[in-house]
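The structure appears right after this line, and notes come after that.
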Amino acid sequence: MPELPEVETIREFLVEDILGKTIKNIEIKVPKQFVGDPKKIIGQKIVAVNRKGKIISFKLKNNYYLSCHLKLTGQLIFAKKQNLVFKNKIPFNKTKMLPGNTTRIILSFTDNSLLYFNDLRKFGWMKVAKKPELPKGVDVISKDFSVRYLTDVIESAKKPIKLLLMDQDKIAGIGNIYANDALFLARIHPMKKSNSLTNNEVKNLYKKILYVIKEGLKYNGTSDEAYVLPDATIGKYQDHFKVYGREKLPCIRCNTPIKRVKHSGRSYFYCPKCQPIRI
DNA sequence: CGATTCCCCTGATAGC
DNA sequence: TGCTATCAGGGGAATC
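Take the first sequence: its position 259, counted from the start at 1, is 249 in the numbering used here, and no numbers get skipped.
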C-alpha cells in the first residue's frame, strides 16, 4: 500500500518523466475515480509535481491541480509510447502491456507518451481543482516535522500510538507498514496509549520514524502487493521488514514469534518480548 | 466528542 | 474440481 516512501519515489520518477509535458487527452474508464472537470486539464502543461503525505499533485499552467491518491492498489505507470511492452509483469495485470485489466484512467501527452492510472480495487482517485488536495497533517519529511511537533501531538492524544502515527490529520505519510516498523525499532507496543509515552520514548520514536521512512526511500518502497515504480519495476523494502508482514516469523532481534492482532479493522504487528505493553 | 464499525472493491485463499 | 464465504485495508461516513 503506497505510503510516503512509495509516493515520493513515484514523484521523483514523474519529475523526470512528465514535468514540463503538455496533456493532450484523458480517458476515464471508471468515472467514480475521477472528480472534477477533465476539460480543465486538456492542453495544459505540467509545471510542478508535488507531494504531501500520500497525495501527489500535478500543478498545471492554468493554476489548476490534478491530485491523486493511490489508496491500497493504485499504480502510476509511465510509457514513452503506445503498445510498449514492459520488462516486468505488472501486478494484478494479465499482460506486460498497458492499458491492462486494472487501468482506470489514461493521460496522454503531446509527445505521445502516456501515464496510466491502474487500480485493482478502485479505491484510489484523481481530482481536478483550483487547489491541490492536501492532508491536514505535517509531512514526515518536511522540516515542520520536529521532535517538538511529535511530542505535542502525542501528548494530546489518548488513542493507541500506532493509530496516531497513521492519522493523516496529524502526521501525513505514515501507513501501516512504516508505523509498525518504527514502533518495533523504538521498542514501543503499538497499542500503547499515546499520552503514556515518556519523553525519551517520543525522542527515540521520532528518530525511528525518520529511519524507516529513509529505509523505505532507499529501497524505492514496498512492493508486497500492487505497488510498482512508474517504470513498472518493483521496490525492495519488503525484503527489509522489521515486523510488518512477519506474523509467526521470528523477531529479527530476539527470535520470539511476531504477533499480529486486529484492532479497529487494522493489523498490528509486534514482538511481544521487545515491545512489552508495560515498561 | 471519542471510539468503533461499516463500506467501497476484487483477487487470493480457505473450507466444503 | 468448482463453488462459496471470508479476508485485506485508507479513509470517509455512519453509528454507538
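Where a beta carbon is used, it is the ideal one built from N, C-alpha and C, also for glycine.
Since we're looking at a predicted model, the values are computed, not measured.
For the beta strand (DSSP E) assignment, the uninterrupted runs of no fewer than 3 residues enclosed by the segment 64 to 149 are, from N- to C-terminal side, 64 to 69, 93 to 99, 104 to 109, 115 to 119. Between residue 203 and the set 29, 257, 172, 121, the nearest pair of CA atoms involves 172. According to DSSP, residue pairing for residue 162 in a beta bridge involves 129. For residue 109, the number of other beta carbons within 10 angstroms of its own is at least 16, and it is reported as buried.
Here residue 234 is actually not in contact with residue -5; their C-beta atoms are around 13 Å apart, not less than 8 Å. For the set 137, 144, 212, the Cα lying nearest the Cα of residue 165 is the one of 212.
Here the C-alpha atom of residue 113 lies approximately 14 Å from the C-alpha atom of residue 66. DSSP links residue 57 through a beta bridge to 47, 117.
Looking at the DSSP output, residue 24 sits in a beta bridge with 116. Collapsing the DSSP output to three states places residue 31 in a helix. Of the candidates 257, 48, 264, 179, the residue whose Cα lies closest to the Cα of residue 151 is 179. Around the beta carbon of residue 38, fewer than 16 other beta carbons lie within 10 angstroms, which makes this residue exposed. The beta carbon of residue 160 is closer than 6 Å to those of 127, 143 in its chain, skipping five residues each way along the sequence.
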